[in-house]
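A.B. asks: Sharing a structure with you now.
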Amino acid sequence: MRRIMLTVAYDGTNYHGWQIQPNVITIESVLNEALSSLFKEEIHVIGASRTDTGVHALGNIAVFDTEARMLGDKVSYALNQRLPQDIRIEDSREVPLDFHPRHCNSRKTYEYKILNREFPLPTYRLYAHFTYVPLDVTRMQQAADYLVGEHDFKSFCSVNTVAETTVRTLYSVKVSKESDMITIRVTGSGFLYNMVRIIAGTLMEVGKGSMSPEQIPQILAALDRQKAGPTAPACGLTLYAYEFEKR
């Protein structure tokens, strides 16, 4: 038995998230079907991050076990021939059988895109959230700085979150603007359900002037989802990269 790791990029627009669900198409179900067809054995992938409906990825990680002898670095070429154009394997390699992407120390980076201009652009409608209200990027960065470090992010996750603890560590939260596009880049050890989208929604409220940067510590301390801003739409979110600590 061998274990193969895949780096998976996808446009999440036409999928009901990563995780298999009955009667709908998901990234996981498409990968399982393509791999099972390729290797002529039943294969089930394990994903590092179970992204939501409409969320995109440039660097999600998945592993699967197989008896096949195909070289790990050749799997990407063979698998891409069987996948739809909105899913691509960017890298494949053999890893130790005890490697599990959800149980390793890692850094995960998400990007949230906001198109901030008078009118929307059709070419960005699936990959960025549009708002015509001018956003103050300087204020957004001031607010973002309060989120860096280890905190209890209960105010910044869905009330439906199931987790042993809501304490997480964010290594950086950067807000930048190029032309009409604002990018919120968040790197952390792990994330709660809807956490990045709620962070993005809250920073947008600060950018609009509806909240002040200095309110962020109060929101964190409240441990109350209702104190934070709205959950930003899924289309603007991309899982950008995974970095695993060297073993």
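Per this note's numbering, the sequence shown starts with residue 16, numbered consecutively.
Positions of the beta carbon are idealized from the N, C-alpha and C atoms, including for glycine.
Rounded to the nearest angstrom, what separates K189 and S52 at their Cα positions?
C.D. replies: Roughly 42 Å separates the two Cα atoms.
A.B. asks: Less than 8 Å separating the beta-carbons of N131 and I197?
C.D. replies: Going by C-beta atoms, N131 is nearer than 8 Å to I197.
A.B. asks: Can you tell me whether Y147 is buried or exposed, with buried defined as 16 or more other CB within 10 angstroms of its CB?
C.D. replies: Exposed, by the Cβ-count rule.
A.B. asks: Quick one: residues in its chain with C-beta nearer than 7 Å to the C-beta of K223, no 5 flanking neighbours on either side, listed in chain order?
C.D. replies: So the qualifying residues of the chain are V148, L150.
A.B. asks: Can you give me the C-alpha to C-alpha distance between Y208 and T217, rounded to a whole angstrom?
C.D. replies: For Y208 and T217, the distance between alpha carbons rounds to 15 Å.
A.B. asks: Taking all protein chains shown into account, decide if V211 is buried (16 or more other Cβ within 10 angstroms of its Cβ) or exposed.
C.D. replies: With 16 or more other Cβ atoms within 10 Å, it is buried.
A.B. asks: Across the stretch 230-246 and the stretch 154-173, are there enough close Cβ pairs to call them in contact, namely three or more that are closer than 8 Å?
C.D. replies: The stretch 230-246 is in contact with the stretch 154-173.
A.B. asks: In this structure, how does DSSP classify S52 when only helix, strand and coil are distinguished?
C.D. replies: Correct three-state label for S52: helix.
A.B. asks: Does the beta-carbon distance from A93 to T253 come in below 8 Å?
C.D. replies: No. Outside cutoff.
A.B. asks: Quick one: is I84 buried, meaning 16 or more other Cβ sit within 10 Å of its Cβ, or exposed?
C.D. replies: Correcting the residue identity first, residue 84 is Arg in this sequence and not Ile. Its Cβ having fewer than 16 others within 10 Å, R84 is exposed.
A.B. asks: Please work out which residues of its chain come closer than 8 Å, Cβ to Cβ, to H115, disregarding the five sequence neighbours upstream and downstream, and give them in chain order.
C.D. replies: Here the set comprises I61, V78.
A.B. asks: What does the Cβ neighbour count give for H166, buried or exposed, with the cut at 16 atoms within 10 Å?
C.D. replies: That one is buried.
A.B. asks: With 16 other CB atoms within 10 Å as the buried threshold, where does G32 fall?
C.D. replies: So G32 counts as buried.
A.B. asks: Please find out if some non-hydrogen atom of the ligand ADP comes closer than 7 Å to the beta-carbon of A159.
C.D. replies: This structure does not include the ligand ADP; it has no bound ligands of any sort.
A.B. asks: Does the distance from the C-beta atom of I35 to that of E48 stay below 8 Å?
C.D. replies: Contact: no.
A.B. asks: Compare the Cα-Cα distances from T41 to each of S194, G27, L50 and report the closest residue.
C.D. replies: The shortest C-alpha separation from T41 is found at G27.
A.B. asks: Buried or exposed: which applies to H118, given that a residue is buried once 16 or more other Cβ atoms fall within 10 Å of its Cβ?
C.D. replies: The residue in question, H118, is exposed, as its Cβ has fewer than 16 Cβ neighbours within 10 Å.
A.B. asks: Let's test the definition: count the other Cβ atoms within 10 Å of the Cβ of H144 and tell me whether it reaches 16, buried, or not, exposed.
C.D. replies: Under this definition H144 is a buried residue.
A.B. asks: How about Y257 and G74: do their beta carbons lie closer than 8 Å?
C.D. replies: Yes, the pair counts as a contact, with Cβ atoms nearer than the cut-off.
A.B. asks: In angstroms with no decimal places, state the Cα-to-Cα distance between Q157 and A249.
C.D. replies: Cα-Cα distance, rounded: 24 Å.
A.B. asks: Determine whether the beta carbon atoms of N95 and R103 lie at a separation below 8 Å.
C.D. replies: Yes, they are a contact pair.
A.B. asks: Rounded C-beta distance between D80 and R122? I'm assuming under 8 Å.
C.D. replies: Actually they are not in contact, since the Cβ atoms of D80 and R122 sit about 25 Å apart, beyond 8 Å.
A.B. asks: Name the two residues that bound the continuous alpha helix (DSSP H) containing R183.
C.D. replies: Careful: R183 lies outside any alpha helix (DSSP H), inside the beta strand (DSSP E) at 182-193.
A.B. asks: Between Y142 and V201, what straight-line distance do the alpha-carbon atoms span, to the nearest angstrom?
C.D. replies: If I take the Cα positions, the gap works out to 17 Å.
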